[in-house]
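Each remark here refers to the structure printed beneath this line.
Chains as they are written, first to last, in the numbering used here: chain A, 1 to 137; chain B, 1001 to 1137.
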């Protein structure tokens, strides 16, 4: 099975200059936990609800004054949409993560694939990813 | 297999009158995303990194002056430590959640059971829970 068959392709993004408060509001309204950060058509990072909690709130910064670029993660692990889902599972397990950004072969952002999406393709692959992941507790 | 064989017994907690900033710092320092809200050993609720971002930051609340009890979830879904892991998986599926609070038969807190813990016992049960869960994207 290919990654494009299970990935989520409706991806809402943010920009480096948006405030972390605005990003949190998008996460609330869209029921998502992460947003790709796009600058000039390029993927420059990912910001998650946890980043806003740990890098803004925990350090006493004001979310209205803190830009997405100051709290986002810039190491974005990616895969290609035409790779097999077993490859996506391997990449997640090796990196101890639960989500990958999916690119087309022309390096445009095509979507995201999460361990939840993997579970719809294979319980076995998804569980391997969970066992390798950094604890969520 | 029983829930107590897979659950995590080291559970981090916070007081209901702590500020969100204090809760966020605790999550950051301990590398966890969930804190149980306890007062005099009584379980009042649960608060996650996501709650802090989407229920406080997104709404423009000041994390220094908003306390944990304002944004915590008070409907805590529980199970007992001597139940079968298949029972736990069924409860998670029905409630579309990834984590249960585990009690002993004196109704005292015994631990937490996440879908990650389940994956160590059964790939199939964990996969089914992920498929039923509210999306993470």
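Ideal Cβ positions, reconstructed from N, Cα and C, are used throughout, including at glycine.
In this structure, residue 1085 of chain B and residue 1003 of chain B form a Cβ contact; the two beta carbons are roughly 6 angstroms apart against a cut-off of 8 angstroms. By the criterion of a C-beta distance shorter than 8 angstroms, residue 67 of chain A is surrounded in its chain by 16, 17, 18, 19, 20, once the five residues flanking it on both sides are discounted.
Residue nearest to residue 27 of chain A within the set B:1054, B:1041, B:1016 is B:1054 (criterion: CA-CA distance).
Identification of residues in the segment 1010-1036 of chain B having a C-beta nearer than 7 angstroms to some C-beta of chain A yields 1020, 1021, 1024, 1025, 1027, 1028, 1032, 1033, 1034, given in sequence order. In its chain, beyond the 5 residues on either side, 98, 100, 115, 129 have a beta carbon closer than 7 angstroms to the beta carbon of residue 92 of chain A.
By the Cβ rule, the segment 106-125 of chain A counts as touching the segment 78-85 of chain A, because three or more pairs are nearer than 8 angstroms. Residue 58 of chain A and residue 75 of chain A have their alpha carbons spaced roughly 21 angstroms apart.
For residue 74 of chain A, the three-state secondary structure derived from DSSP is coil.
Cβ atoms of residue 52 of chain A and residue 63 of chain A come within 8 angstroms of each other, at about 7 angstroms. Here residue 31 of chain A is exposed: its Cβ has fewer than 16 other Cβ atoms, across all protein chains shown, within 10 Å.
The alpha-carbon separation between residue 127 of chain A and residue 4 of chain A amounts to approximately 20 angstroms. Distance between residue 86 of chain A and residue 125 of chain A, taken at the CA atoms: about 7 angstroms. Judged by beta-carbon spacing, residue 1118 of chain B lies beyond the 8 angstroms limit of residue 1102 of chain B, meaning their Cβ atoms are not closer than that value.
Residue pairing by DSSP places residue 1101 of chain B opposite B:1078, B:1112 in a beta bridge. Counting only the Cα atoms, residue 1122 of chain B lies some 35 angstroms from residue 55 of chain A.
Excluding sequence positions up to five before and after residue 1115 of chain B, its CB lies within less than 8 angstroms of the CB of 1092, 1098, 1099, 1126, 1129, 1130, 1133, all in the same chain and listed in chain order.
In the DSSP assignment, residue 42 of chain A is bridged to A:39. Near chain B, meaning a CB-to-CB distance below 9 angstroms, the residues of the segment 25-39 of chain A are 25, 26, 27, 28, 29, 30, 31, 32, 33, 34. Under DSSP, residue 2 of chain A shares a beta bridge with A:84. When Cβ-Cβ separations below 8 angstroms define contact, residue 79 of chain A makes no contact with chain B. Residue pairing of residue 53 of chain A in beta bridges, as defined by DSSP: absent, with no partner found. Taking a Cβ-Cβ threshold of 9 angstroms, none of the residues of chain B is close to residue 5 of chain A; the smallest such distance is about 15 angstroms. Shown here for residue 1083 of chain B: same chain residues with a beta carbon closer than 8 angstroms to its own, the five before and five after excluded, namely 1002, 1003 in chain order. Per DSSP, reduced to three states, the secondary structure at residue 1086 of chain B is helical. In this structure residue 1033 of chain B is in contact with residue 50 of chain A, their Cβ atoms being roughly 6 angstroms apart against a cut-off of 8 angstroms.
At a cut-off of 8 angstroms between beta carbons, residue 107 of chain A makes no contact with chain B.
CA-to-CA, the gap between residue 69 of chain A and residue 1046 of chain B works out to about 30 angstroms.
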